[in-house]
Amino acid sequence: MKAVIELNEIKRDFLVGDEVVHALRGVSFTINEGEFVTIMGASGSGKSTLLNILGCLDTPSEGVYLLDGNPVKKMSNNERAVLRNRKIGFIFQNYNLLPKTTALENVELPLMYNPDVSASERKKRAMVALESVGLKDRMMHTSNQMSGGQMQRVAIARALVNDSAVILADEATGNLDSRTSYEILALLQDLHRKGRTIIFVTHNPDFYDYCDRNIILRDGKVVEDNRNKVIKDARETLKTLPEED
Amino acid sequence: MNIINLIKIAFKALTTNTMRAFLTMLGIIIGVASVITMLAIGQGSKKSIQSQISEMGSNMIMINPGADMRGGVRMDPSSMQTLKLDDYYDIRDEAMYVSFVSPNVSSNGQFIFGSNNYPGSINGVGPEYLDIRQLKVESGEIFSDEQIQTSAKVCVIGQTIVDNLFTNDEDPIGQVIRFNKIPFTVIGVLEAKGYNSMGMDQDEVVLAPYTTVMKRLLAITYLQGIYCSALTEDMTDQATEEITEILRTNHKLLDSDDDDFTVRSQQELSTMMSSTTDLMTILLACIAGISLVVGGIGIMNIMYVSVTERTREIGLRMSVGARSIDILSQFLIEAIIISVTGGIIGILIGVLATYLVKLIASWPVYIQTWSVILSFAVCTITGIFFGWYPARKAANLDPIDAIRYE
Ligand SMILES: Nc1ncnc2c1ncn2[C@@H]1O[C@H](COP(=O)(O)OP(=O)(O)OP(=O)(O)O)[C@@H](O)[C@H]1O
Ligand SMILES: [Mg+2]
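From first to last, the protein sequence lines are chains A and B. Start counting at 1 in the first sequence, then tack on 1, and there's your number in this note's numbering. Start counting at 1 in the second sequence, then tack on 75, and there's your number in this note's numbering.
Here you go:
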């Protein structure tokens, strides 16, 4: 199997005043193409920091990060930007939507920076992505006209719209009720079946059963890395949950 | 990168933040408009003074008896009679740089025609006075050399005198008006010139042969002044020197003696007056410059306040794949749209305000192209720079740092 992500002794230090905060203290692992990985750990254990580095949004203080075999550190800013645009779909813990902008325009945003996608195709793909997260009737709503869960789903749709090979989700279901959470999980499982690599940060230990692999962080280090034998289907679980409508 | 997409993105960013765009634009509008208006007022008054001087004949030279008082030199009363007819003849016959010359004597009094009367002064001059002051006879004619020799009681009158004395639409030519009991036959009417820019009525004028005024009205043998005009405006200095030479010889002055007359050219007057208006223009330009700076600070303020918000936006855009060139292009396009639109609106408002000043306060105004170009350039460049600079800083950050920026 081909390795998509290879981390070798990744460290990330933050300088806060005179004090150095070690958010990551040497993280090493390899994620292969088509894996569905959850990352868990207590608050402050460095999950978001790690995911930001994986998403090429942040650069590690030390260590080597190979994406598709290429060292990210050696890439130019522009190469990294193109990578984020075509290869990675990132879902932020706090959504990061453009204010005063409609859901549709927010989802279209990554494609605006891809000259290969025409205006009509852009709109079509954004609408499909919004439909898949159940926001068909909220497309023209702006961020301040939506609930937290709805904004989260817009952020998910935005990460799906560029058909990226790798999807990085930071607490993508943190603000959703359990039914919608499982719907999102089912969506990610569908994508996973289509061959996407998915890395999913979550606090919900139940989700572990629905993935290939589970990495647990503590204090900026990997403390557990387990493979899952029996993978549950989120759609089956959805059927057991009471309908709310 | 697709430029159409970038323009779309820039427009979208502007329309979602109309208030911010408007406030930035306002700074530019105020800056441009105030500079244009202020400079138009300054230039206008300068222009009007210049045109007034050239109206009077920019190559005109005035000779007065008595020493120049401007240096604080005491004036001997008897020196007031230093200019004689011989001086006039000699300038007329000998000066090479002088094209026209006319003596000047005047007397105050009351003009009477029928039951109408009007106060004024009668000017005793030669026929060349018309060329010097750029006056024209509209009907009738100017007095002849023969009429000068015979001290004929004839006169040429201006339009204001016509309007005040001949109230029944009579033809003034051939009528006899009285001035201090002496009858003068009107032989010509001058073309109307209107008020000059200092508010003086240029048509309130009565011209008579200088001989008539000297002998019949004043009973004097000296002249109160001599008007000349230099061949061209550039030759005023040579003409002035020449005249001084002739008069000094005539008056038998020694090298050590001061002039007992004053020669002043219109050019001198013009420099003096335009330096005053220059001062005013500089003053107005300072005010305009201050409004430019205030406008510029306004632009910077708005831009600075929105930096936090915009840095987050930049981080977010970069996180979904915008390259720094995309970010910079977007901000540059936004800044250009705001600044150029603001600049154009500023020009329109500036021109409008200028015409309002002209209309309401009836001040002379003159819009100079360079003032429009200068103010437009300064404001738009400030706007573009301060729109682009924070973006350049943010575009160099890691996306996550930009998103977290506070
Ligand atoms: N920009 C930063 N500057 C300074 N310290 C930071 C910064 N980002 C993260 N940290 C620190 O790094 C550590 C890890 O933070 P991180 O956000 O990765 O935690 P997390 O595992 O995502 O937590 P949570 O589950 O609450 O989201 C924390 O102690 C945090 O204070
Ligand atoms: Mg986190």
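Where is the CB? At the ideal position from N, CA and C, for every residue including glycine. All values derive from a computational prediction rather than experimental measurement.
Chain-ordered, the chain B residues with CB closer than 8 Å to the CB of Y114/A read M76, N80, R392, V395, G396, A397, R398, D401. Scanning I11/A, G35/A, K240/A, S44/A for the CA closest to the CA of S29/A turns up I11/A.
Excluding its 5 nearest sequence neighbours in each direction, N192/B has C-beta neighbours in its own chain below 6 Å: Q185, listed in chain order. In this structure, the alpha-carbon of N9/A lies about 16 Å from that of D59/A. Between T311/B and N134/B, the C-beta gap is smaller than 9 Å, which places the two residues in contact. Listed along chain A, no residue sits closer than 7 Å to I111/B by beta-carbon distance, the nearest being about 35 Å off.
Bounds of the alpha helix (DSSP H) holding H193/A are 179-194. From the beta-carbon of I389/B, no residue of chain A is found nearer than 8 Å; the closest lies around 11 Å away.
Look at P439/B: its C-beta is not under 9 Å from any C-beta on chain A. In the same chain as P465/B, and ignoring 5 residues on each side of it, the C-beta atoms closer than 7 Å to its own belong to M378, V382, R385, in chain order. The closest CA to that of A227/B, considering only Q118/B, G364/B, Y285/B, is found on Y285/B. Not one heavy atom of ligand 1 falls within 8 Å of the beta-carbon of G56/A.
Its Cα nearest to that of L322/B, the residue F336/B stands out among F336/B, Q313/B, G269/B.
Nothing from the region 440-465 of chain B brings a Cβ to less than 7 Å from some Cβ of chain A. With respect to chain A, the C-beta atom of T352/B has no partner C-beta closer than 9 Å.
Between ligand 2 and D171/A, a heavy atom-to-CB distance of less than 8 Å is present. Counting every other CB atom within 10 Å of its CB across the protein chains shown gives L240/B a total of 16 or more, marking it as buried. With the criterion set as a beta carbon lying under 9 Å from some beta carbon of chain B, the region 14-45 of chain A has no members that meet it. When beta bridges are read from the DSSP output, E7/A appears opposite T31/A, L67/A.
Nearest in C-alpha terms to V162/A, of all of S44/A, R126/A, I168/A, is R126/A. About 5 Å separates the beta carbons of M152/A and Y96/A, which is inside the 8 Å limit, making them a contact pair. Residues are counted here when their Cβ sits less than 8 Å from a Cβ of chain A; for the region 81-93 of chain B these are K83, I84, K87, T91, N92, given in chain order.
For I475/B, the chain A residues whose C-beta falls within less than 8 Å of its own C-beta are N53, L58, D59, listed in chain order. Secondary structure at V440/B: coil, using DSSP grouped into helix, strand and coil. Near chain A, meaning a CB-to-CB distance below 7 Å, no residue of the region 404-421 of chain B qualifies. DSSP lists Y297/B as the bridge partner or partners of K159/B. By the CB criterion at 9 Å, A363/B and S304/B fall outside the cutoff.
Residue range 173-188 is occupied by the beta strand (DSSP E) that includes F175/B. According to DSSP, S304/B shares a beta bridge with M135/B, F175/B. Secondary structure at S350/B: helix, using DSSP grouped into helix, strand and coil.
Taking C-beta separations shorter than 7 Å and ignoring five residues to either side along the sequence, the partners of G106/B in its chain run S366, L367, G370, G371, G421, S450, C454, following chain order. Taking 8 Å as the upper bound for CB-CB distance, N80/B and M113/A are in contact here, some 5 Å apart. The straight-line gap separating the alpha-carbon atoms of A436/B and G269/B is approximately 19 Å. In this structure, the CA atom of G64/A is about 14 Å from the CA atom of C57/A. Collapsing the DSSP output to three states places T416/B in a helix. Between ligand 2 and the CB of V453/B, the shortest heavy atom gap is not smaller than 8 Å.
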